[in-house]
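Visitor: Residue numbers (full-length UniProt numbering): 1 to 430.
All C-beta atoms in this analysis are idealised placements derived from N, C-alpha and C, irrespective of residue type, glycine included.
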């Protein structure tokens with residue numbers, strides 16, 4: 001991480017004048033400060049911090065603590081009452097839903113409008129347009145006025161624009177909360193890529209686990225003031241310790257049973273292809289998840305068994321190359337929570353015998369008691385030539401499958417071990 005400061009916030013405050021009656025505004029204009037007809041409502045009070053280049057910082061706090069107001073002032077869309085903000089580099093921001101869009105313009109026109117507002121030339125936007133359109137995945141709606149978009153489509157287009165303009169600073173204010181499960185996985189994957197490129201990320205979220213896993217530091221705002229700032233784990237733990245002194249209500253949704261569907265020998269469909277890696281000497285042509293009764297499913301009960309199947313076809317791999325097949329499970333934050341392959345499981349290496357040949361891989365997986373939510377499975381195949389120790393990736397599809405997990409018991413952490421308690425009472429000493 002660089003020592004260069006890209007965001008400096010110094011004694012930043014924001015205060016609003018609240019009038020009890022509309023006529024008080026007029027009276028205040030003519031009072032010449034002899035009488036005050038308003039109450040001062042402080043939103044932020046003397047906030048100061050610095051963010052370095054390449055650093056990811058999470059901002060946490062209850063609703064009304066000033067998080068969104070702070071981001072708006074950093075972006076320059078809201079003027080502070082006092083203090084100042086200094087930034088260095090291009091800022092891309094996802095603030096309140098629809099901000100920065102002209103509702104009468106089409107999606108295409110808003111791409112060029114946002115690009116121009118961020119300082120890109122028409123030629124630079126032209127270079128990025130295909131990537132933005134592909135990431136947004138809104139199809140023919142790209143040519144429709146955005147006022148006809150759903151909230152999810154708004155977020156898709158907004159994130160696609162902001163994440164593909166190569167920002168030095170990316171600011172995200174709960175924008176991913178309205179995205180569907182697959183899109184959230186794609187966004188987290190993109191955020192990880194931006195981190196690797198040295199982009200500074202400022203993230204407002206109510207997801208404490210996301211802050212702990214994704215952020216270097218955290219800022220806890222409470223009633224407009226910085227309550228704590230420091231390493232993400234420590235700040236989040238302090239915040240949760242304070243927060244959970246208050247009553248919390250949560251509910252886990254039960255899953256409806258699925259109807260049985262006939263399963264073929266080969267899988268020839270891939271639900272999602274976010275990123276594809278490898279030299280493609282053999283290719284994955286289909287992947288699917290089934291329950292223990294072999295019914296296709298994307299809803300899983302924690303503690304149950306599932307079957308993962310994917311089919312690989314040989315494009316140009318010679319016979320002397322041994323194959324390794326595997327998978328990775330990630331949560332919606334992009335964190336890897338499980339992974340294995342046929343080599344690690346001790347299976348005898350398989351080889352293709354001809355070009356065009358297919359192999360269907362089947363993995364029986366026991367899903368532990370996981371925190372309810374959405375997860376993704378990435379599938380892959382690698383190979384090794386005789387005498388080589390290093391595996392070469394032939395094909396790996398990131399987030400090929402997305403599934404949801406529910407659980408019969410309340411889980412507040414990432415997972416829960418099957419546990420049986422017993423108690424023994426010791427006899428009293430005489």
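Report back the beta-carbon spacing between residue 70 and residue 44 to the nearest angstrom; my notes put them in contact at under 8 Å.
Guide: That belief holds up - the Cβ atoms of residue 70 and residue 44 are roughly 6 Å apart, short of 8 Å.
Visitor: On the DSSP bridge assignment, give the partners of residue 242 in chain order.
Guide: Answer is none; residue 242 lacks a bridge partner.
Visitor: Note down the Cα distance separating residue 147 from residue 14, rounded to an integer number of angstroms.
Guide: Each residue's Cα considered, the two are about 31 Å apart.
Visitor: List in chain order: all unbroken alpha helix (DSSP H) runs of 4+ residues lying wholly within the segment 138 to 166.
Guide: Qualifying alpha helix (DSSP H) stretches, in chain order: 151 to 163.
Visitor: Apply the 10 Å Cβ neighbour rule to residue 4 and answer buried if 16 or more other Cβ atoms are within range, or exposed otherwise.
Guide: By the neighbour-count rule (16 or more Cβ atoms within 10 Å), residue 4 is not buried but exposed.
Visitor: Looking at the unbroken beta strand (DSSP E) that takes in residue 305, where does it start and where does it end?
Guide: Here the beta strand (DSSP E) through residue 305 covers 305 to 314.
Visitor: Let's test the definition: count the other Cβ atoms within 10 Å of the Cβ of residue 65 and tell me whether it reaches 16, buried, or not, exposed.
Guide: Buried.
Visitor: Using the Cβ count rule (16 or more neighbours within 10 Å means buried), how would you classify residue 330?
Guide: Answer is buried; the Cβ neighbour count reaches 16.
Visitor: Assuming residue 31 is part of the alpha helix (DSSP H), what are its boundary residues?
Guide: Residues 23 to 31.
Visitor: Sorted by chain position, which residues of the same chain lie with C-beta nearer than 7 Å to residue 132's C-beta, five sequence neighbours on each side aside?
Guide: Excluding residues within five positions, the ones whose Cβ falls inside 7 Å are 111, 160, 161, 164.
Visitor: When you compare only the Cα positions, how much space is there between residue 82 and residue 42?
Guide: If you take the alpha carbons of residue 82 and residue 42, they lie about 12 Å apart.
Visitor: Between the beta-carbon of residue 398 and the beta-carbon of residue 275, is there less than 9 Å?
Guide: In contact: residue 398 and residue 275 (Cβ atoms closer than 9 Å).
Visitor: If I follow the unbroken beta strand (DSSP E) through residue 75, where does it start and stop?
Guide: Note, residue 75: premise wrong, no beta strand (DSSP E); alpha helix (DSSP H) at 67 to 75.
Visitor: Touch check for the segment 45 to 54 and the segment 179 to 186: three-plus C-beta pairs under 8 Å?
Guide: Judged by Cβ distances under 8 Å, the segment 45 to 54 makes no contact with the segment 179 to 186, as fewer than three pairs qualify.
Visitor: From the DSSP output, in three-state form, read off residue 381 for me.
Guide: In this structure, residue 381 counts as strand in the three-state DSSP scheme.
Visitor: Here's the rule I'm using: 16 or more other beta-carbon atoms within 10 Å means buried, otherwise exposed. How should residue 167 be labelled?
Guide: By the 10 Å Cβ count, residue 167 comes out buried.
Visitor: Throw me the rounded Cβ distance for the residue 284 and residue 294 pair, which I believe falls under 8 Å.
Guide: Residue 284 to residue 294, Cβ: 20 Å. No contact.
Visitor: Would you say the segment 393 to 413 touches the segment 336 to 352, given that touching needs at least three Cβ pairs under 8 Å?
Guide: Too few Cβ pairs lie closer than 8 Å, so no.
Visitor: Cβ atoms of residue 290 and residue 319: under 9 Å apart, would you say?
Guide: Not closer than 9 Å, so no.
Visitor: State the start and end residues of the unbroken beta strand (DSSP E) segment that holds residue 228.
Guide: First-last of the beta strand (DSSP E) with residue 228: 225 to 231.
Visitor: Report yes if the C-beta distance between residue 427 and residue 404 is below 9 Å; otherwise report no.
Guide: No, these two residues do not count as a Cβ contact at 9 Å.
Visitor: With burial defined as no fewer than 16 other Cβ atoms inside 10 Å of the residue's Cβ, what is the status of residue 282: buried or exposed?
Guide: Result: buried.
Visitor: Based on DSSP bridge pairs, tell me the residues matched to residue 331.
Guide: Answer is 375, bridged to residue 331.
Visitor: How far does the alpha helix (DSSP H) with residue 127 in it extend, from its first residue to its last?
Guide: Its alpha helix (DSSP H) spans residues 122 to 136.
Visitor: Quick test of your reading: residue 334 and residue 192, contact by CB under 8 Å. State the CB separation rounded to the nearest angstrom.
Guide: With 8 Å as the limit, residue 334 and residue 192 qualify as a contact, their Cβ atoms being about 6 Å apart.
Visitor: Excluding the 5 residues flanking residue 37 on each side, which residues of the same chain have their C-beta closer than 6 Å to its C-beta?
Guide: So the qualifying residues of the chain are 24, 27, 28.
Visitor: Going by beta carbon distance, what residues of the same chain come within less than 8 Å of residue 249, once the five residues before and after it are set aside?
Guide: Because the pLDDT of residue 249 is 28, which lies under 50, any placement of that residue in the model is unreliable, and the number read from its coordinates should be weighed accordingly. Closer than 8 Å at Cβ, skipping near neighbours: no residue.
Visitor: Quick one: what's residue 9 bridged to in DSSP?
Guide: 49, 85.
Visitor: Can you look up residue 301 in the DSSP assignment and give me helix, strand or coil?
Guide: Residue 301: strand per DSSP, three-state reduction.
Visitor: Flag this pair as yes or no: are the beta carbons of residue 344 and residue 383 separated by less than 9 Å?
Guide: No. Outside cutoff.
Visitor: Measuring CB to CB, does residue 396 end up less than 9 Å from residue 286?
Guide: For residue 396 and residue 286, no; Cβs fall outside 9 Å.
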